[in-house]
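Numbering (our numbering), first residue to last: 599 to 665. Where a beta carbon is used, it is the ideal one built from N, C-alpha and C, also for glycine. This structure is a prediction, so every number in the text was calculated from the model and none was measured.
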Amino acid sequence: IRWNVFCLGRFNQDPEKDEKLEALKKTNTWQRRDYVEKQGWATMSGEKEPDSSVAIECANRILQISS
Numbered sequence: 599i600r601w602n603v604f605c606l607g608r609f610n611q612d613p614e615k616d617e618k619l620e621a622l623k624k625t626n627t628w629q630r631r632d633y634v635e636k637q638g639w640a641t642m643s644g645e646k647e648p649d650s651s652v653a654i655e656c657a658n659r660i661l662q663i664s665s
């Protein structure tokens, strides 16, 4: 859960979050993890790689709270 909060925080701080939200909505379900990872939202501070399970949950949560 802590990771998801971090990911949502990164999303909310993104200056282009509105445009990126629309892009995420248009992204196929199976590509959403990659989209979130590429935005850097699922990469914890100090880590080099994003956490794919966090990216999946984060994408789902972003879409859930944005609908």
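query                                                                                                                                                         : result
Which word fits Thr-641, buried or exposed, when buried means at least 16 other C-beta atoms lie within 10 angstroms of its C-beta?                           : buried
Please report the straight-line C-alpha distance between Arg-659 and Gly-644, rounded to a whole angstrom.                                                    : 23 Å
So what does DSSP say about Gly-638, is it helix, strand or coil?                                                                                             : coil
Using a Cβ-Cβ cutoff of less than 8 Å, which residues in the same chain neighbour Lys-615 once the five nearest sequence positions on both sides are dropped? : Phe-609
Of the choices Ser-651, Lys-623, Ile-663 and Asn-626, whose alpha-carbon is the least far from that of Glu-635?                                               : Ser-651
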